[in-house]
Every structure is written in C-alpha cells, then in structure tokens.
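First the structure, in the form of structure tokens, and then the observations on it.
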Amino acid sequence: MTERHPPRPDPPSDDLKACCAAAYSSDAVALLLGDSYHPGGTALTRRLADGLHLAKGRRVLDVASGRGTTALLLVDTYDVRVDGVDYAPANSALARDAARAAGLAERAVFTTGDAEHLPFPDAVFDAVVCECALCTFPDKTRAAAEFARVLNPGGRLGITDVTALPDRLPPALTGLSARIACVADARPLEEYTEILAAAGLRTVRTERHDQAMTHLIDQVEARLNLLRMTAAQRLTEAGIDLNAATQVLAAARAAIADGTLGYALLIATRTR
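Quick note: the sequence shown uses this note's numbering, first residue 2, plus one each step.
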C-alpha cells in the first residue's frame, strides 16, 4: 500500500501573498509567460473591458496590475484614467517605467498595495478590473468587499479568472507551486458569484473561456522546452523547478479536459 500523508497546511496569508508577488515579479516568470500573465491575453482583456461600459475620462482600478499591461491598454484604447495596485514593489516600479515610456504616466498611476486592504477611499472608481488574481488571494471575501467599497454605486467589476472544482483537483494541483500558478485555490464560477453577491456585487454576465487556458499551457510548455535547452540554469537560479513545472502543466491540461479546471469572464455591478 502507498502511505498517505496529510496535506501540508498553507503558509500564513501574508507569506502566501509575498510568495506570489515575488514569483510574478521575477524575470524568469516573464520569460515563461511573455507580456500577458493571464489566459486569453490582450484579446480577452479587450472583451472584458467592452463589458464595463468604459467612456472617456472614467476612472478605473486595476487590481493586481503586475507590470502594467492591462492598465496601459485601457488608457490607450478607452481614454480612461487607470490606477494600478500590485502587492510587489518591483512590479509597480516596472509598470511606472512602462507608463513613462509610453507617454501615459499622467493617466496610468501605479502603487504598491494589498487587494484585501486597497489604499483608496470609498466610491472613487467607475470600474474595477482584476485579471487572473482573485483565485490567489487568501481572503477572497475581503477582497470582494474592497472591490465593492471603492466602486461608485452602479459601477462595474470585471474579472477573468481560473475556475476549479477543488475536491477533484489532483495532488499536483494542490501544492504551493500550483497555488502560485493560480490553480490550487481557484473556485467554481458559481462560488465566485456568491462571494461577490455577499459583497453587494450583482453578477450580470459570465462566459467560459476554458480554451484560453489550454492555449496558455501550450505557450508555456513551448517556452519551457526552449528555455530548458537555452537557459535552464537561469530558471533554476530563479527558483523554478523544471520537473515540477512540467508536472503542473500536464496535470492542468488533464484537469481542463475533464472539466475540473477552466477559465471564466465575469461582469458584476455594485448595487445602488
């Protein structure tokens, strides 16, 4: 018989946030994921933004803004002002550099902060965007309450995120590395809508985009195989376990195929 070991407890929430932030601000992760750190890339970001009814001069908050890709797209395409907030100081600095380089620094402002304690006053944003990040927040209920707090009444929230059936996830998708990969603490789409509803955010639209996640896995696998030949030591020095990454990708692909794992778009409004 194979001996069963109890699952390891998650690290404290602040440690989880710091671990995720460090991973997603590293150059090694940038090598694996490219410019867009979420399934669907900028095409899905545009689809999400179109559901937010953005107009010139509106004020938008991008939660977990990373290196600023989404925020700069919104500013340039929709002529809005965007505040980006990210837990990693390195990401905030890179996003500010990107805004200056694009000549958008006056309308794209980036700061370091915690999604569960947003550094903004009540009811100041017309829209909030959060892409592929809610699934990583240790306290999703608190984060949803913060989204609602900073939104104007009638304002819109746009989320794209990993969905999962937690009780069906294989062991390879439940550890810390899988959590950083936005899988281990993902929830079913229905649970996300319930979390938002409890915060006063009424879901008005949902879409499944599971194929976007499969496409991202294809891209990461291709990059991983190339980097294994050309920059394996660099990845190892950055703390990326190549064998573990391969196992997580294979398990994720199988989980998508059997409906355990997926990706979704969600639009909600703050009730008046």
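Backbone N, C-alpha and C fix where the C-beta goes; we use that ideal spot for every residue, glycine too.
Sheet register partners of residue i (DSSP bridge)
i	result
A109	V83
E132	T161
H118	D115
A269	L158, T204
T52	It should be noted that the sequence gives Gly, not Thr, for residue 52. G52 is not bridged to any residue.
R150	BP columns for R150 are empty, so no partner.
D63	G85, V130
L262	A165
R209	A265
C-beta atoms of residue i and residue j nearer than 8 Å
i	j	result
T71	D63	yes
L166	V249	no
T46	V86	no
R68	N92	yes
F138	E117	yes
H210	G41	yes
P171	A246	no
R273	L152	no
L73	A103	yes
For residue j and residue i, believed in contact at Cβ under 8 Å, the rounded distance
i	j	result
D276	R150	Because the chain here runs from 2 to 273, residue 276 falls outside it and cannot be looked at.
R1	T261	The question about residue 1 has no answer, for the chain in this structure spans 2 to 273.
L49	V130	7 Å
A269	V205	6 Å
Y79	L105	With a Cβ gap of about 12 Å, Y79 and L105 do not count as contacting.
L119	Y193	In fact, because the Cβ distance is near 18 Å, the residues do not count as touching under 8 Å.
A200	F121	Their Cβ separation, rounded to whole angstroms, is 16 Å, which puts A200 and F121 out of contact at 8 Å.
T207	L190	6 Å
Interface flag, residue i vs chain B, CB-CB below 8 Å
i	result
K57	Among the protein chains of the structure shown there is no chain B, as only one such chain exists.
Requested in this report: Would you check if there are 3 or more beta carbon pairs closer than 8 Å linking the region 241-248 to the region 143-161?
Outcome: Taking a cut-off of 8 Å for Cβ pairs, the region 241-248 and the region 143-161 do not touch, as fewer than three such pairs fall below it.
Requested in this report: Please determine if the region 125-135 and the region 149-162 are in contact, where contact requires at least 3 C-beta pairs separated by less than 8 Å.
Outcome: By the Cβ criterion, the region 125-135 is in contact with the region 149-162, since at least three pairs of Cβ atoms, one from each stretch, lie closer than 8 Å.
Query - the region 97-117 in contact with the region 150-160 per 3-pair CB rule at 8 Å - result: The answer is no - the region 150-160 does not touch the region 97-117, with fewer than three Cβ pairs under 8 Å.
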